[in-house]
Each structure stands twice: as C-alpha cells, then as structure tokens.
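With this note's numbering as the guide, the letters of the sequence shown map in order to residues 237 to 1003. Input: a single structure, listed below in structure tokens.
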Amino acid sequence: MVAIGTRLGPYEIVAPIGAGGMGEVWRARDQRLQRDVAIKVLPEVTAGTPAALARFEREARAVAALSHPNILAIHDFGNEGGVLFAVMELLEGATLRERLHQSDLSLNRALEWALQIAQGLAAAHQRGIIHRDLKPENIFVTRDGLVKILDFGLARLDSADASRSLDESTLAQTSPGAIVGTVGYLSPEQARGETADHRSDIFAFGVVLYEMLTGQRPFARKTPAESIVAILREEPKPLVECGRAVPAEVEEILAHCLEKDCEERFRSAGDLAFALRMTIRGSSASGADATPRPTPPPADSPRVAESSIAVLPFRNIGSDVETEYFTDGMTEEIINSISNIATLHVAARTSSFAFKGRQDDVRKIGRELGVAMVMEGSVRQVGSRLRVSAQLINVESGFQVWSERWDREIADVFAVQDEIAQAIASTFKLGLNEPDGNTAAGKTQNVEAYDRYLKGRYLLTMRRAGEAIAEFQSAIERDADFVDAHAALADGWAIRGFYGGVPTWEAWARAGAAVNEAERIAPESPGIPLSRAILEHYYGWNTAREEAFCRKAIERNPKSAEGWNWLGLCLGLQGRSSEALEATSQGIELEPYHANVRTSSAWAFLMQSDYESAERVLAKALELDPNAAYAQWTRGIALRFLGKHSESIAIFERLVDSSQRLSSFYIGLLGGSLAAAGERSKAEQIVVELLERRRQNKFVASLDIATVLTPLGDSEAAIDALEQAREERNALVWARIYFPDHRSLRDHPRWKALAQRLGSAAPVRVN
C-alpha cells in the first residue's frame, strides 16, 4: 500500500512501526513543521465506500477534539490517492502488552497506570465516544510513564466482508447482532452481539486491570468460542489463586468492573477513576508497595490563617442510580453537622454541589472555593451493607491529610456521619459542638425514616413536589417526632400549591399544619422561621410578617443564604430595591454558587423595569445552574418584557415539557408570552386547555388563567380571574410583575378595588 519514501500529502514515510488487522503504522516526517509523526494507514476495505470515508473523517474529528493527556492525539487525517490515513503524535515507549511481556507490574504501578486509562476513558465518554476495543495492544506507555489510549473509533468497519480479512481474534462488524471488539476483552453484551456503550469499555478495563495485576487473561480459553462462553457464564479466577494478594478495595473495584450485568458496573468511567484515586491515596498512606512518594507535611506545621473546608458531593459508585439521593443526603448531613463548629468556615451546600460530577482536581476546586481543605468521598450501597470512603486533602500542598473507610450495616449510617464530622473537627483541632435539645430533636435515629426524608429532599430540589410530599409523609409515619421531615413537608406543600395541581387553600392548610407540628416538637428549630416566611410569601400576603420571619431565620442560621434569599425577594417585590439588593448580596457572599439567590436579586431590577440588568443577573444564575427552574421562568419573564418573545416562549415550552404539562403555572406563563408575541390563537388555545382541566375537576389556579387573559387584552375576564384568585388564595403577590406593561388593566376600577382588598399585598404600580 505504502513504502519508505511514499508521500502522503506533506508527510514522507520514513520507517515502519508496526502492522495489524486494523492497518499499518509508519514513522513519517512532517515536511511543513519539520517534526516526526506517526501515520496509521487504514486497510483498503475501510476506504472502499463514500460512507466509510465519511464515517472515518467524522470519528477522526471527534477523537481529535478530545485533547486529553491519556488519549493519543490526532493531528490530521486525509485521503491521498485512495490511501486513507490518520496522522498522530509519535510516541516513544511500548504498548502495555509489550510491558506485560517484559516483567510483572508492582501494585502501585498497575493502579497508577489503570487510573490514567480510566481518566482517558472518562474524557472520551463525556464526549460520547466509546472505544469498544480496549486491550493492552491499544494502550501505550511512554518512557516517562504516561499512559495513552490508542485507536478510539478508528478501527470500526461497516462491511461484513471486510472483517473476514482481519485476524480471527479481532471482530469489528457493526451490523445488528454482530460482535464488535476483541475476543477475551469483550463485555457480555458485546459477546451477545448487542450494542456496546460506555459500560462495555468499563468491562474491558476490568479485564485489562486483571491482566495487569496477575499477568493472566481472566477469560482466555483454547478457542474464541470457549472464551466467549467464559465471558458470558464464568467468573474469573480469584486473584489470590493467581499468586497476587491485593487490598480488598482493589478486588472490589475489579469485581465491580467485571459484573456480567452492565447495570451492576460502575455507572461511569469518572466514578471508576474516582474509586482508583481513593484507593491509590489510601494505599500510599498505609505504605502499601514501595514506590517512593513525597512526605506529607508534619502535623504541627503552620496552618492557614482561617480554618476552612469544602465537602464535595460524595460519589454514588453503586450500580443503582436511584440511590443518588442517599449519597447527596449524606453529604448534606455532614456539611450541616460541621457547620455547627463556630470557628470553622464551611463552604455552603450550593457551592460544593456546583462541582458535582466534574473531574476537576481537588486543589483547583479548593482554591476556587477559597478553602484550606477539601473532603471527597464515595458511597456504595449493596442491600443492607454500606461502604463509605472519605479523604481529606490539603489544598495548598495537595497532600492527603487522612483517609478512612467504613464497612457497616446501613443502620450505622448515623455513626459514620458522626465519625466523619469528628475527624474533620480533630484535624482542625476544634471541638465539634454538642447539639442542643432543639437541634437534636430535629433529627431521627430511625434509618427508614431518614432514608425517606433524604429521598424527599432530593425530589424537592428537582421540583417534584408531589413525590417529595409522599416521601416526607412516609418518614413521619416511621418517626412522628422527626422535626426536619415536618418542616420539609411544609415546604413541599407550599411549593406544590404555587406551581399548581392542588387547591391553594389545601396546600396552605397542610403546610401550616406541618410547620405547626414541627414547632410543637422543637420550638427553636432553625428551619421553622424560614418555613413560615415561605408560607406567608405564597399565601399570607402580610409582607411585614414575612420580613420578620426571614430575619428570624437569618438570626437562627446565620451561615445559610436561604434567609437572605427570601428576604431579598420579599423586599424586592415591595419595591424596596436597594434593600433587596443588599440582602441578596449577603446571600451571594455566603453562597456564591446559589442560583436562587441571584434570581431573587433580579426581581429588584424587574420591579424597576430595568429588564436588561435583570436579564444579566439571570444569565449568571443559569450559568451556575442551568437546570434552576426558578431562574429559568424568571428569565422568561424578563425576556418577554425586553421584547425577545421567541426566546421567552422557548424557555416556557421547555418548562412545560419538563413538567409533563402538569404545572398550570408554567402553562399560564407560556400563554402569556404567546399573547405578548401576537400569537393570539395559540394563547387562546391555552386558555381553553386550562378551562378544560377545570371541567375535568383538576385544580387550575385562577392566577394562571389571568396570566394569559391580561396580555390578550380581555380586561373584564382577567379581573374576574384575579378576583377568584384572591378567593382561592393564589400567590397574587406575583401579579405585581406579570402585568407591568398593561396599564389599561391597572387603571381599571375593579383592579383598584381588588388592590384595596389585598391590603399590604396590594399590587404596586410599576413605572
């Protein structure tokens, strides 16, 4: 196909490097940049059709865009006279297969190389690129120990005929039911001819790791057919029988990768990399293996001036995505516990959770959050067993201060959380405050109640209030004195009543009963004033009481931004803009990543008709949390008043779809924006839809109907709806901002009469 001296565009072939079923690799000279590169020449069958060529180019571009240190870099690709080739960085070293033939690997070296492989896979998977043929031949180790994954997607063939020209151990068909990959490294689903996804790469990684640790292939048999049977039905030989004793954590990682059922493996390569990172740091701290490592600073070395810490969201490395709530909840409980240490600055929940799922180095995160220490950890729940790992990292040095692992029954979860909090306090040489009577009364020792409560909190943050309410009620059934569950139940009913679906009076009554019960059990519980402020905001309409409750919430929980958030909103909707911005700035200082606080500050600008400033603030809020519903619908309103109707409509359409059209609140906002945009027939159809829901005995807040009728110009019908909204106790305080561009409605005599009956919550005139 090519020979020494052949020119492929600006590249001159210099010497052969290797060859295999997927093509030949040559050393070449880039005449333009005067550097040596590697060129992979694909087989003629690969370039035989325009479709194959297009696919090759598409995949080459995708891999080239990865730009990750653990993935072989692609510089260029081309087609010279029918010769299809890819230009790659030239590596000096050997493949992992060659390294395994040379000598056995130490435990530390195997784990460190495995971590680099996992990091490369994680980067590729995040871009939607799956390898499908991970094996030691496709992993390269440079002379300085850097690991590179080779051949991402460049060896796939569409033609069944093409595969027959390959080595029999390498099968690369992509037709339905065909096998893709290399026998011995196939995942069970690949062996069955099913579609491979990122979890197939994780299985192949497990096979490679097994081979790195033992020098043996776990599923190698006499024939490819027997190997496939072993992959589908047999478990690999235990490591100890291969003559290799490894820590339990390593065995667990390996077993988790090699699960036959893909649903039972690590959910992502990022989680796999995290587990490896934790294990490597733990083994180095315990002295496992004899690889020289830097000595941590002595315990009595000078500490940073301010004791500060961020607790990153613990990773759920179990196979069940439904237990994500438990892992998040544990993180929150630890944050709440150590926040009681008066002299310790703890990064707020929203700040820590802003880094959830990101692969950033903990030192970078710590510097960004302005803390001296960062804690990270993982949780794996299997049946009634719980494995929790945690480690504390010094941000300045990058050294691990301590690490620990707990293997307990799930009933011991409270003890584990207490031990983690105590370890943090001891690290900073601070005392962990004993909870007072009221604080202790808010907790529970009932594991089932705690589990239901955590799930409810998780659902409530996703604005799935109906499901959250059911979980809180279930928690209370298991522990009637669980104050936090009662307070959360109040918040759930308040939110559900606002967003629609249940009668407002019912939501108010149920929320009020829940917060009353919480106060009866623990009168000084920190969360009660805020719950009362929220109820007053939505349903009480007494802004003086609302403000007082907000200030009481701030007094009881000064480290939380929530009190400042609701206070800023309360002040902003009264037109007290400067005070509102001062309040929300306090909240932003406490929790810079809190999207809701920034959204509340936007209302101060909206009330002054400064829509441009409001929109800038809301754009920043959504940059911090693109899924923040409150920021999304508020921005939709701002865009509407800026005349950017198509953008406003698009936001509300997404919100309506995401709520599965269950929220009459979002539907009303969509109708209002359609009417403002001149889409009269579509807006009128939404009114018809909302009225039809009522005829089906489904509750629709009258305020949501008025939101559409007002921009349609039907003043009498809009006033009728607003008067009914007052009787229903809908959140009429929001009517102040829905209708600032409709002076005809505000000048209507019936509007003025309605405003008088609303008392302190009367809509104000917006200039």
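The C-beta atom is built at its ideal place from N, Cα and C for all residues, glycine as well.
Worksheet item: Buried or exposed: where does Met566 fall if 16 or more other Cβ atoms within 10 Å of its Cβ makes it buried?
Response: By the neighbour-count rule (16 or more Cβ atoms within 10 Å), Met566 is buried.
Worksheet item: In three-state terms, what does DSSP make of Val323?
Response: Shown here, Val323 sits in a strand according to DSSP, grouped into three states.
Discussion item. Quick check for students: name the residue ranges of the alpha helix (DSSP H) that lie wholly in the region 450 to 493, counting only runs of 4 or more.
Written reply: Segments of the alpha helix (DSSP H) lying fully in the region 450 to 493: 460 to 469, 484 to 493.
Item to complete: Could you say which of Asp437, Leu891, His881 lies nearest to Trp869 if we only look at CA atoms?
Response: With distances taken between Cα atoms, Trp869 lies closest to Leu891.
Item to complete: Just confirm the distance between the C-beta atoms of Pro460 and Lys473, as a whole number of angstroms; I'd bet it's less than 8 Å.
Response: Not really, about 19 Å apart at Cβ, beyond 8 Å.
Practice prompt. Alpha carbon to alpha carbon, how far is Pro862 from Val1039? Give it in angstroms, no decimals.
Written response: One cannot answer for residue 1039 here, as it falls past the ends of the chain, which runs 237 to 1003.
Worksheet item: Thinking C-beta only, is Ile903 closer than 8 Å to Glu925?
Response: One thing to note: Glu925 has its Cβ within 8 Å of the Cβ of Ile903.
Worksheet item: Around the C-beta of Pro252, are 16 or more other C-beta atoms found within 10 angstroms, so that it is buried, or is it exposed?
Response: Pro252 should be labelled exposed.
Item to complete: Inspect the beta-carbon positions of Glu568 and Arg585 and report whether they are closer than 8 Å.
Response: Going by beta carbons, Glu568 and Arg585 fall inside the 8 Å limit.
Item to complete: Within the same chain, show all residues whose beta-carbon is closer than 7 Å to that of Asp507, passing over the 5 residues directly before and after it, in chain order.
Response: If we look at Asp507 and ignore the five residues flanking it on each side, its Cβ neighbours are Arg551, Ile553.
Worksheet item: Between Cys493, Leu475, Ala484, which lies nearest to His434 when the distance is taken from Cα to Cα?
Response: It is Cys493 whose Cα lies nearest to the Cα of His434.
Worksheet item: How would you label Leu244, buried or exposed, when you count the other beta carbons within 10 angstroms and need 16 or more for buried?
Response: Here Leu244 is buried, its C-beta having at least 16 other C-beta atoms within 10 Å.
Worksheet item: In the structure shown, what three-state DSSP assignment does His361 receive?
Response: For His361, the secondary structure class from DSSP, reduced to helix, strand or coil, is helix.
Fill in: Asp266 - partner residues in DSSP beta bridges
Under DSSP, Asp266 takes part in a beta bridge, and its partners are Tyr247, Arg271.
Fill in: Cβ neighbours of Ile570 in the same chain (closer than 7 Å, five flanking residues each side left out)
Excluding sequence neighbours, Ile570 sits near Val547, Gln653, Ile656, Ala657.
Discussion item. Rounding to the nearest angstrom, what Cα-Cα distance links Tyr934 and Glu707 in this structure?
Written reply: Reading off the sequence, residue 934 comes out as Lys, not Tyr. Approximately 23 Å between the Cα atoms of the pair.
Practice prompt. Could you work out which residue in Lys384, Arg368, Glu334, Glu328 is closest to Trp349 when comparing CA atoms only?
Written response: Looking from the CA of Trp349, the closest CA among Lys384, Arg368, Glu334, Glu328 belongs to Lys384.
Worksheet item: Which two residues bound the contiguous alpha helix (DSSP H) that contains Ile712?
Response: According to the DSSP assignment, Ile712 belongs to the alpha helix (DSSP H) that extends over 701 to 714.
Worksheet item: Which two residues bound the contiguous beta strand (DSSP E) that contains His311?
Response: Under the DSSP assignment, His311 falls in the beta strand (DSSP E) whose first and last residues are 310 to 316.
Item to complete: Please work out which residues of its chain come closer than 7 Å, Cβ to Cβ, to Ala354, disregarding the five sequence neighbours upstream and downstream, and give them in chain order.
Response: Closer than 7 Å at Cβ, skipping near neighbours: Phe441, Ala505, Leu508, Ala509, Leu512.
Practice prompt. Quickly, what does DSSP pair Lys691 with across the bridge? List them, please.
Written response: Note: Lys691 sits in no beta bridge, so no partner.
Worksheet item: So what does His581 bridge to, in DSSP terms?
Response: Looking at the DSSP output, His581 sits in a beta bridge with Ser544.
Discussion item. Quick check on the burial criterion: 16 or more other C-beta atoms within 10 angstroms. Buried or exposed for Pro828?
Written reply: A buried status is given to Pro828, since no fewer than 16 other beta-carbon atoms sit within 10 Å of its beta-carbon.
Item to complete: Within its chain, find whatever has a CB closer than 6 Å to the CB of Glu783; leave out the 5 residues flanking it on each side and keep chain order.
Response: For Glu783, where only same-chain residues beyond five positions count, the Cβ hits under 6 Å are Cys806.
Worksheet entry | Pick from Asp687, Ala716, Glu325, Ser710 that is closest to Gln617, judged by C-alpha positions | Minimum Cα distance to Gln617 is reached at Asp687.
Discussion item. Less than 8 Å between the C-beta atoms of Leu332 and Pro372, yes or no?
Written reply: In terms of Cβ geometry, Leu332 and Pro372 form a close pair [threshold 8 Å].
Fill in: Close Cβ partners of Glu815 (< 8 Å) along its chain, the five nearest in sequence each way excluded
Contacts found: Leu807.
Item to complete: Compare the C-beta of Phe708 against all C-beta atoms of chain C and say whether one is closer than 8 Å.
Response: Here chain C cannot be found, since the structure has a single protein chain.
Worksheet item: Which residue from Tyr694, Leu771, Leu690 puts its Cα closest to that of Asp727?
Response: Closest option to Asp727, Cα to Cα, is Leu771.
Discussion item. Taking 7 Å as the limit between beta carbons, can you name the residues of its chain near Arg693, skipping five residues before and five after?
Written reply: For Arg693, where only same-chain residues beyond five positions count, the Cβ hits under 7 Å are Gly565, Ala724.
Worksheet item: Residues in its own chain within less than 8 Å of Asp956 by CB, not counting five upstream and five downstream?
Response: If we look at Asp956 and ignore the five residues flanking it on each side, it has no Cβ neighbours.
Worksheet entry | Rounded separation between Ala590 and Ser463 - CA only | Roughly 45 Å between the two C-alpha positions.
Discussion item. On the CB-based measure, 16 or more other CB atoms within 10 Å of its CB, does Asn801 come out buried or exposed?
Written reply: Taking all protein chains shown into account, Asn801 has 16 or more neighbouring C-beta atoms within 10 Å of its C-beta and is therefore buried.
Worksheet item: Distance, Cα to Cα, Leu278 vs Leu382?
Response: Note on geometry: alpha-carbon atoms of Leu278 and Leu382 lie some 26 Å from one another.
Practice prompt. Return yes when the Cβ of Thr515 is within less than 8 Å of the Cβ of Leu347, no when it is not.
Written response: Yes. Within cutoff.
Worksheet item: Does the region 868 to 886 come close enough to the region 843 to 860 that 3 or more CB-CB pairs lie under 8 Å?
Response: The answer is yes - the region 868 to 886 touches the region 843 to 860, with three or more Cβ pairs under 8 Å.
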